[in-house]
Amino acid sequence: MRVDAPLATPLESGRHVCIARRAALLCALVLATPALALSCMRADCQQTDIQCSPAGILPYLRETLNYNALGELDPDFNGTGFAVHHNAAGGNGADRANALTVAANGSITLAGESFDGGNNQSTIWRFTSSGQLDTTLNGAGFRVRAAAAGANGLFGVRTDASGAIVAIGSADAATTDLSVLRFLANGADDASFAGTGLVLFDDVAGGGGGPTDEARGMTLASDGTILAVGQGTGPSATLDMYLARINTTGGLIGATPHHDAAGGNSDDDGIAVAVDSSGRYVVAGSSFGGTLDMAVWRILPGGGLDTTFNGTGFFTHDNAAGGSASDAGYAIAIDAQGRIVVAGESERVGPYPSLALWRLTPQGQLDPTFGTGGFVTRFGDAGEVATDSSRARGLAIDSRGRILVCGSAINSSFDGDMLIWRFLENGQLDPSFAGGAGYLQHHGAAGGAFGDDRCNALQITADGRIMLAGNSDNSADQDSVVWRLR
Numbered sequence: 002m003r004v005d006a007p008l009a010t011p012l013e014s015g016r017h018v019c020i021a022r023r024a025a026l027l028c029a030l031v032l033a034t035p036a037l038a039l040s041c042m043r044a045d046c047q048q049t050d051i052q053c054s055p056a057g058i059l060p061y062l063r064e065t066l067n068y069n070a071l072g073e074l075d076p077d078f079n080g081t082g083f084a085v086h087h088n089a090a091g092g093n094g095a096d097r098a099n100a101l102t103v104a105a106n107g108s109i110t111l112a113g114e115s116f117d118g119g120n121n122q123s124t125i126w127r128f129t130s131s132g133q134l135d136t137t138l139n140g141a142g143f144r145v146r147a148a149a150a151g152a153n154g155l156f157g158v159r160t161d162a163s164g165a166i167v168a169i170g171s172a173d174a175a176t177t178d179l180s181v182l183r184f185l186a187n188g189a190d191d192a193s194f195a196g197t198g199l200v201l202f203d204d205v206a207g208g209g210g211g212p213t214d215e216a217r218g219m220t221l222a223s224d225g226t227i228l229a230v231g232q233g234t235g236p237s238a239t240l241d242m243y244l245a246r247i248n249t250t251g252g253l254i255g256a257t258p259h260h261d262a263a264g265g266n267s268d269d270d271g272i273a274v275a276v277d278s279s280g281r282y283v284v285a286g287s288s289f290g291g292t293l294d295m296a297v298w299r300i301l302p303g304g305g306l307d308t309t310f311n312g313t314g315f316f317t318h319d320n321a322a323g324g325s326a327s328d329a330g331y332a333i334a335i336d337a338q339g340r341i342v343v344a345g346e347s348e349r350v351g352p353y354p355s356l357a358l359w360r361l362t363p364q365g366q367l368d369p370t371f372g373t374g375g376f377v378t379r380f381g382d383a384g385e386v387a388t389d390s391s392r393a394r395g396l397a398i399d400s401r402g403r404i405l406v407c408g409s410a411i412n413s414s415f416d417g418d419m420l421i422w423r424f425l426e427n428g429q430l431d432p433s434f435a436g437g438a439g440y441l442q443h444h445g446a447a448g449g450a451f452g453d454d455r456c457n458a459l460q461i462t463a464d465g466r467i468m469l470a471g472n473s474d475n476s477a478d479q480d481s482v483v484w485r486l487r
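Take 2 as the starting number for the sequence shown in the numbering used here and just add one per residue.
Spelled out as structure tokens, the structure:
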């Protein structure tokens with residue numbers, strides 16, 4: 002590993018202080034040779050509010066070491082830095098990973114869809130930290146569960162404090178419903194969740210049983226409440242953004258729909274959600290206001306719009322890339338200062354989408370210290386410039402405040418590559434990432450010579466490595482993919 006922490010910085014936690022230079026050396030030893038280092042550390046650390054043990058010390062060591070990911074595929078993960086899987090549902094068709102989560106033990110759970118010969122079906126996969134399918138999940142490393150008779154898939158996943166896997170998606174029943182599934186750690190249905198491990202919700206946007214309740218993304222609140230966002234038919238027969246709050250036994254606590262954020266009296270869409278330090282829910286997505294605008298809503302824990310946010314409870318922005326067309330947010334993160342970062346895309350003149358990043362202040366305004374007036378756009382990094390489509394789908398902020406974004410872009414052969422970019426806190430590309438380029442591209446994970454690769458989700462692990470999930474074209478269709486960078 003690479004250690005960039007200065008040796009003059011002490012390791013502190015409340016009243017617990019280790020001697021600076023020796024502690025930094027021992028921190029590195031703990032990660033490499035725990036038994037040797039811990040025997041030394043007991044002699045040099047005064048025991049106060051934490052123990053000199055792996056459980057007590059490692060969280061503080063990781064923070065002090067502040068692991069600096071280099072931006073290269075990690076060969077310790079499956080020997081290549083990535084792993085693929087195909088045909089989970091047995092239909093010999095496309096498999097796609099739309100979301101991921103990394104558990105405390107390092108296992109990686111993906112959620113998405115797999116074709117069964119007739120429809121896509123909700124699917125989860127779990128990989129070990131070394132990149133192999135984890136057969137303690139369902140005896141196979143994956144589980145396919147039809148949430149309804151028609152097509153269905155998953156678009157968000159988290160692991161809760163008990164190790165249970167919570168996933169949300171869309172399922173075609175009589176109408177398209179929001180589906181929420183909960184699995185035990187071994188992949189079995191969790192009977193404590195609505196008796197079956199599955200709940201379908203219709204009409205969460207309040208349209209009186211309208212035909213659409215599409216799921217887009219999710220997170221968990223600190224008390225385990227499931228926060229699901231998406232797009233549903235509203236009272237005006239338009240598609241409205243919704244935030245649904247679901248308890249740990251599968252009951253609907255409440256839903257907050259919103260319409261017309263951008264003033265176009267048309268469709269609004271909630272695509273990603275995060276919880277800020279005050280327990281408020283921050284949703285990113287889009288709203289149609291003549292053109293499609295990027296939109297952010299902030300919702301109070303009780304479900305009402307927070308009108309201290311931009312004076313209205315929502316914010317919209319259009320034309321970041323200069324094309325006067327579509328802008329949308331697909332991922333959201335909140336930094337240590339409470340600033341809201343949104344990743345997505347904005348159409349430039351062409352029209353072709355460019356990667357777009359926006360940063361808002363906690364008050365709901367563009368942050369003028371970020372990029373150009375609060376936003377950054379990029380395109381052409383994979384090799385094609387004139388017709389490139391650069392799209393951002395995953396987002397995370399590391400312990401140094403740097404912003405990691407993943408998605409896809411068109412290469413010089415006119416197909417798509419997976420890309421991950423790292424930006425400094427001010428919005429500039431990070432020249433220390435990926436050999437100085439500031440971004441890494443990868444192609445052909447599933448073996449397709451001229452197919453597309455795309456990242457749909459991103460998470461930084463406890464030890465600072467970068468996990469990505471998405472899909473890659475094989476010779477006929479698509480495989481689910483998980484990548485790990487070091």
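Ideal placement from N, C-alpha and C gives every residue a C-beta, glycine not left out.
Problem set entry | Secondary structure, beta strand (DSSP E): runs of 3+ residues fully inside the region 365-445 | For the region 365-445, whole beta strand (DSSP E) runs of length 3 or above, ordered along the chain, are 376-379, 392-398, 404-411, 417-424, 440-443.
Problem set entry | Closest by C-alpha distance to residue 262, when choosing among 253, 256, 281, 239 | Measuring from the Cα of residue 262, the nearest candidate turns out to be 239.
For this session: List the DSSP bridge partners of residue 114.
Result: In the DSSP output, where bridge partners are listed per residue, residue 114 has 97, 123.
Exercise. At what residues does the beta strand (DSSP E) containing residue 217 begin and finish?
Worked result: 214-221 is the extent of the beta strand (DSSP E) around residue 217.
Exercise. Who are the near neighbours of residue 323 in its chain, counting only those whose CB is closer than 7 Å to its CB and skipping five residues on each side?
Worked result: Within the same chain, and ignoring the five residues on either side of residue 323 in sequence, the residues whose Cβ sits closer than 7 Å to its Cβ are 349, 350.
Exercise. Is the Cβ-Cβ distance between residue 297 and residue 254 less than 9 Å?
Worked result: No, they are not a contact pair.
Problem set entry | Inter-residue spacing [alpha-carbon to alpha-carbon] between residue 53 and residue 386 | In this prediction, residue 53 scores a pLDDT of 49, lower than 50, which makes its location untrustworthy; no coordinate-derived value is stated.
Problem set entry | Own chain partners of residue 44 with C-beta closer than 7 Å, once the 5 adjacent residues on each side are dropped | With a pLDDT of only 36 at residue 44, under 50, the local geometry of the prediction cannot be trusted, and no value is derived from it.
Exercise. Would the region 263-272 and the region 300-309 be scored as touching if the rule is three or more Cβ pairs under 8 Å?
Worked result: Cβ pair count under 8 Å is below three, so no.
For this session: Would you mind reading off the limits of the beta strand (DSSP E) that contains residue 312?
Result: Premise fails: residue 312 is in no beta strand (DSSP E) and is neither H nor E.
Problem set entry | Beta-carbon proximity check, residue 333 vs residue 405, cutoff 9 Å | It is not a contact, given that the beta carbons lie outside the stated cut-off.
Exercise. Going by other Cβ atoms of all chains shown within 10 Å of its Cβ, with 16 needed for buried, is residue 91 buried or exposed?
Worked result: Residue 91 is exposed by the Cβ-count criterion.
For this session: In angstroms with no decimal places, state the Cα-to-Cα distance between residue 294 and residue 183.
Result: Spanning the two alpha carbons is a distance of roughly 34 Å.
Exercise. Is the beta carbon of residue 290 sitting closer than 9 Å to the one on residue 319?
Worked result: For residue 290 and residue 319, yes; Cβs fall inside 9 Å.
Exercise. Buried or exposed: which applies to residue 401, given that a residue is buried once 16 or more other Cβ atoms fall within 10 Å of its Cβ?
Worked result: Taking all protein chains in view, the Cβ of residue 401 is surrounded by fewer than 16 other Cβ atoms within 10 Å, so the residue is classified as exposed.
Exercise. Hey, how far is the Cα of residue 358 from the Cα of residue 124?
Worked result: Spanning the two alpha carbons is a distance of roughly 30 Å.
Problem set entry | C-alpha distance - residue 434 paired with residue 313, whole-angstrom precision | Taking the straight line joining both Cα atoms gives about 39 Å.
Exercise. Is residue 167 helix, strand or coil by DSSP?
Worked result: Of the three classes helix, strand and coil, the one that applies to residue 167 here is strand, per DSSP.
Exercise. Is residue 260 helix, strand or coil when you go by DSSP?
Worked result: Judged by DSSP in its simplified three-state form, residue 260 adopts coil rather than helix or strand.
For this session: Spell out the partners DSSP gives residue 177 in its beta bridges.
Result: Answer by DSSP bridge pairing, in chain order: 173, 213.
Exercise. Any idea what DSSP makes of residue 329, helix, strand or coil?
Worked result: Note: residue 329 maps to strand in three-state DSSP.
Exercise. Exposed or buried, which one is residue 389 when buried takes at least 16 other CB atoms within 10 Å?
Worked result: Burial state of residue 389 is buried, judged by a 10 Å Cβ sphere holding 16 or more other Cβ atoms.
Problem set entry | Pair within 9 Å by beta-carbon distance, residue 202 and residue 181 | With contacts defined by Cβ atoms closer than 9 Å, residue 202 and residue 181 form a contacting pair.
Problem set entry | Straight-line gap, residue 383 to residue 483 (C-alpha atoms, nearest Å) | Going from the Cα of residue 383 to the Cα of residue 483 covers about 20 Å.
For this session: Leaving out five residues on either side along the sequence, give the residues of the same chain with a beta carbon under 8 Å from the beta carbon of residue 176.
Result: Excluding positions up to five away in sequence, the list reads 203, 210, 211, 212, 213, 214.
For this session: Could you tell me the distance, in whole angstroms, from the CA atom of residue 427 to the CA atom of residue 394?
Result: Near 20 Å, if we compare the C-alpha coordinates of residue 394 and residue 427.
For this session: Check each candidate in 326, 421, 361, 237 and name the one with the smallest Cα separation from residue 338.
Result: Taking only the C-alpha atoms, the option nearest residue 338 is 361.
Problem set entry | Residues that residue 205 bridges to, as DSSP identifies them | Bridge partners of residue 205: none, in fact.
Problem set entry | Residue range of the beta strand (DSSP E) that includes residue 134 | In the DSSP annotation of this structure, residue 134 is not part of any beta strand (DSSP E), being labelled neither H nor E.
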